[in-house]
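*Asks:* Here you go, one structure.
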Amino acid sequence: MVAVIKQLLETTAAAEEKARQLAALEEDGQTWETYFAEVQRQRQLWQYVHHLMTGAGWGERKKQQEAASAGRFELLQALTADEWKKAKLCRQVSQRLSGAVRQAADGVLQQALRYSKEFFAMAQDELVQQTVD
1 MVAVIKQLLE TTAAAEEKAR QLAALEEDGQ TWETYFAEVQ RQRQLWQYVH
51 HLMTGAGWGE RKKQQEAASA GRFELLQALT ADEWKKAKLC RQVSQRLSGA
101 VRQAADGVLQ QALRYSKEFF AMAQDELVQQ TVD
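Here's what the structure looks like:
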């Protein structure tokens, strides 16, 4: 289960990085603030669970920024995939948890599903816009 928690931490960090890149492309970066607050809450939850399980902190590893030069559509597509991966991992880990931690994991699962739906719709809109232009 520790490996799944590490994957959740890595996926959350990757999703946040992609969202920050998208926010930099947008004229109104404020629309992303709610997402960033949620990601921070999720990261703190998984860091806490990791600490409880291992007795050690989790050092965030910076992945190479493969999406650094990606366009808006590619970033939205990757962000959708990251949220789906988070949902899948949350479902997997939630089955092994209990109490308040399980409720928190279930909340992250629901939020990941909502965000994946929103990002998918944004990606569709972007693709339509690209084909019209």
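Read in order, the letters of the sequence shown correspond to residues 1 to 133 in our numbering. Positions of the beta carbon are idealized from the N, C-alpha and C atoms, including for glycine. A quick note: this is a predicted structure, and the numbers were derived from the prediction, not measured.
In chain order, what residues of the same chain have a beta carbon less than 7 Å from the beta carbon of LEU113, not counting five sequence neighbours either side?
*Replies:* Excluding sequence neighbours, LEU113 sits near ALA87.
*Asks:* I'd like the list of long-range same chain contacts for GLU26, defined as Cβ closer than 8 Å, with 5 residues on each side in sequence excluded.
*Replies:* Answer for GLU26: TRP32, listed in chain order.
*Asks:* CA-CA distance, ALA105 and GLN7?
*Replies:* Straight-line Cα distance between these residues: approximately 14 Å.
*Asks:* With DSSP as the reference, label MET1 as helix, strand or coil.
*Replies:* Here MET1 sits in coil by DSSP.
*Asks:* Leaving out five residues before and five after ASP82 in sequence, what residues of the same chain have Cβ atoms less than 7 Å from its Cβ?
*Replies:* Once the five neighbours on either side are set aside, the close Cβ partners of ASP82 are THR11, ALA14, ALA15, LYS18.
*Asks:* What's the gap between the Cα of VAL108 and the Cα of VAL132?
*Replies:* Going from the Cα of VAL108 to the Cα of VAL132 covers about 36 Å.
*Asks:* Suppose the cutoff is 7 Å on Cβ atoms and the five residues either side in sequence are ignored; what does the same chain contact list for THR54 look like?
*Replies:* Same-chain partners within the cutoff: VAL2.
*Asks:* Could you tell me if LYS85 is buried or exposed, where buried requires 16 or more neighbouring beta carbons within 10 angstroms of its beta carbon?
*Replies:* Buried.
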